[in-house]
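Here's the structure we're looking at; comments come further down.
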Amino acid sequence: GAKHLSHMENLEDLDLCGGRISNAGVKHLCLIASLKRLNVSQNSQINDEGLKYISISLVNLVSLNISLTGVSAHALLMVKNIKTLEELTARNLKKNVPATVVAQLLHSLPRLWHILV
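Structure below.
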């Protein structure tokens, strides 16, 4: 699983769409500090806890896709910690993402130019 990927120190782009990744798997992925693009969409076992790990550990991400996960709309605000983020895709979360959340993200993340919710 994801544990074996954590040893790939130079990995920059990782697509695990629909890969049955859970919060525990996300914890292992967060050991890959070189990651710049991460797609964990269609992994319903990833929730707010998994996004918290990503937001704290993967602060060099430029692209993040968490569509069709168990992440809540308001938890998206945690990504404000990823100041390098340029693209965020968070479609079909538990609830629709309010415009206020989108506005806060755009205000807090100066490099963010693409957001799809």
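Start counting the sequence shown at 265; every next residue gets the next number (this note's numbering).
C-beta: ideal position from N, C-alpha, C; glycine also.
Handout entry: With 16 other Cβ atoms within 10 Å as the buried cut-off, status of Val343
Key = buried
Exercise for the section: Report the residue from Leu373, Ser298, Ile379, Leu370 whose alpha carbon sits nearest the alpha carbon of Arg355. Expected result: Ile379
Problem - Gln384 versus Ser321: straight-line alpha-carbon distance, rounded - result: Look at the range of the chain in this structure, 265 to 381, and you will see that residue 384 is not part of it.
Handout entry: For Ser327: DSSP bridge partner residues
Key = Arg301, Glu351
Problem - Bridge-paired residues (DSSP) for Asp279 - result: Asn303
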